[in-house]
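The structure under discussion appears below in the form of C-alpha cells.
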Amino acid sequence: MADFLNLSDVHVQFGGLAVLSGVSFSMKQGEVVAVIGPNGAGKTSLFNAITGYIGITSGEISFCGERINGLSAHVIAKKGIRRTFQNGGLFGDLSVLENVLTGLHTKTPSTVLGSLLGSSKSRAHEHDAVVKARQLLETMAIGHIADHPAGGLSGGQQRMVEILRAIASDPPLLLLDEPAVGLAPPVRIQLRETIHRLAREHGLGILLIEHAMEMVMGVSDRIVVLNYGEKIADGTPEDIRQNREVLEAYLGHA
Ligand SMILES: Nc1ncnc2c1ncn2[C@@H]1O[C@H](COP(=O)(O)OP(=O)(O)OP(=O)(O)O)[C@@H](O)[C@H]1O
Numbered sequence: 001m002a003d004f005l006n007l008s009d010v011h012v013q014f015g016g017l018a019v020l021s022g023v024s025f026s027m028k029q030g031e032v033v034a035v036i037g038p039n040g041a042g043k044t045s046l047f048n049a050i051t052g053y054i055g056i057t058s059g060e061i062s063f064c065g066e067r068i069n070g071l072s073a074h075v076i077a078k079k080g081i082r083r084t085f086q087n088g089g090l091f092g093d094l095s096v097l098e099n100v101l102t103g104l105h106t107k108t109p110s111t112v113l114g115s116l117l118g119s120s121k122s123r124a125h126e127h128d129a130v131v132k133a134r135q136l137l138e139t140m141a142i143g144h145i146a147d148h149p150a151g152g153l154s155g156g157q158q159r160m161v162e163i164l165r166a167i168a169s170d171p172p173l174l175l176l177d178e179p180a181v182g183l184a185p186p187v188r189i190q191l192r193e194t195i196h197r198l199a200r201e202h203g204l205g206i207l208l209i210e211h212a213m214e215m216v217m218g219v220s221d222r223i224v225v226l227n228y229g230e231k232i233a234d235g236t237p238e239d240i241r242q243n244r245e246v247l248e249a250y251l252g253h254a
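Shown next, in the form of C-alpha cells:
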C-alpha cells in the first residue's frame, strides 16, 4: 500500500513567499511518521495542504490512489483524513462524552427526522455511539470525567479528548498537530502508547508534527524533516539522529 498517502512535488506559495517547495513523500497504512523542522519550516502548512485547509500551488496529493488536492476540507475529512489542531477546538460547554460523540457524528447513520421522532433504529445507533465513546474514554483512562464540561479540564485532558474525538470515527489517517504540548510526562507516555496501539492494532496511519524530541524518537517509524519549506531528510529515527544537515538546520549544531 505504497500509495496510502502520497505527496508529489507539492508547492505552496502565499503571495511571493514559498512556504512549501517541492515536497514529496509517501506513507503506508499503519505507519507513524513525524514531521519535524524549525519554526516556520512549513509543517502546519503541510498539514493544511493535506487536509484541504489551504490550496497547493502545484504538485499532487493523493490518498488511497485518489487525488485529493483541490477537494474541500469537509470532503477530505469524509474520506477518512482527520486531524487535531495546535490550539484545541473542543466545545467548552459540552461534556467530554458529547465532544467525543461529535467525532462519531458522520458515522452515526441516524437521520435528523429519526432523532426527532425518536425512532427505535435511531435510538439504537445513538446508544451504540455512546457505548463506543465511553469505551474510548476508558481506553485513555479518562472515563471518570465523561460527564464533565470540556471547558473545565486541564490542558492535557483537553488534548486527550481532542485526540479521541478525532479517532472516534476510525479514520484510516490521523494528523496530530503537536499532540504532546501541555501534557505531563506520564500522560506523554500514555499518548505514545496510544499512538503505537492505534497504528499497530488498528492499522491507522499517523502523521504528527511534534517538537518534543523524546516523543518523536520514541513513537515514529519514520521522520520527515522540513527546513524553509523543503524536505531535507526522510528516514528512521536512527538515520535522522545521525544526519548532519538535520543537526545543522534543526538543532543548530553538527
Ligand atoms: N496564511 C498564511 N499567509 C501567509 N503566510 C503564511 C500563512 N500561514 C503560514 N505562513 C507562513 O508560512 C511559513 C511556514 O509556516 P508554518 O506555520 O507552516 O510553519 P511551521 O513549521 O508549522 O512553524 P511552527 O513550528 O512555528 O508552527 C511561515 O513563514 C509563515 O509565516
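Residue numbering for the sequence shown follows full-length UniProt numbering, beginning at 1 and increasing consecutively. We put the CB at the ideal spot given by N, CA and C, even for glycine.
What number of angstroms, rounded off, separates the C-alpha of residue i from the C-alpha of residue j?
| i | j | result |
| --- | --- | --- |
| G205 | G103 | 18 Å |
| A168 | V100 | 7 Å |
| R200 | L94 | 32 Å |
| L137 | S154 | 15 Å |
| M160 | G30 | 20 Å |
| T44 | K132 | 31 Å |
| S58 | E230 | 14 Å |
| V19 | I142 | 39 Å |
| A254 | V23 | Per-residue confidence for A254 stands at a pLDDT of 47, beneath the threshold of 50, marking its modelled position as unreliable; the derived number appears in the next sentence. C-alpha separation (whole angstroms): 24 Å. |
| H125 | Q135 | 15 Å |
| L17 | H11 | 11 Å |
| L71 | K79 | 10 Å |
| A212 | A150 | 25 Å |
Buried or exposed: which applies to residue i, given that a residue is buried once 16 or more other Cβ atoms fall within 10 Å of its Cβ?
| i | result |
| --- | --- |
| E214 | exposed |
| P185 | exposed |
| F63 | buried |
| R67 | exposed |
| G49 | The amino acid occupying residue 49 in the given sequence is Ala; Gly does not appear at that position. Classification for A49: buried. |
| R197 | exposed |
| N39 | exposed |
| T236 | exposed |
| F14 | exposed |
| N243 | buried |
| E245 | exposed |
| G156 | buried |
| R241 | exposed |
Since residue i contacts residue j with CB under 8 Å, what's their CB separation in whole angstroms?
| i | j | result |
| --- | --- | --- |
| residue 260 | L90 | Examination of residue 260 is not possible in this model, given that the chain is present from 1 through 254 alone. |
| I209 | D177 | 5 Å |
| I76 | G52 | 4 Å |
| I195 | V32 | 6 Å |
| R192 | V219 | 5 Å |
As a quick exercise: from the options, pick the residue whose alpha carbon is nearest that of residue i.
| i | options | result |
| --- | --- | --- |
| L5 | G151, P172, R244, L226 | P172 |
| H144 | H127, H125, P179, V96 | V96 |
| T35 | K78, D239, V216 | The sequence given here places Val at residue 35; Thr does not occur at that position. Selected option, being the one with the closest Cα: V216. |
| M27 | A41, S21, I61, F14 | I61 |
| Y228 | G152, A41, G156 | A41 |
| D221 | D128, L7, E126, D239 | D239 |
| H148 | I232, F25, L247, G92 | G92 |
| Q86 | S8, I232, G182, G55 | G182 |
| I232 | D9, G37, V32 | G37 |
Listed by chain order, which residues have C-beta atoms less than 5 Å from any heavy atom of ligand 1?
-> The set, ordered by position in the chain, is F14, V19, N39, G40, A41, G42, K43, T44, S45.
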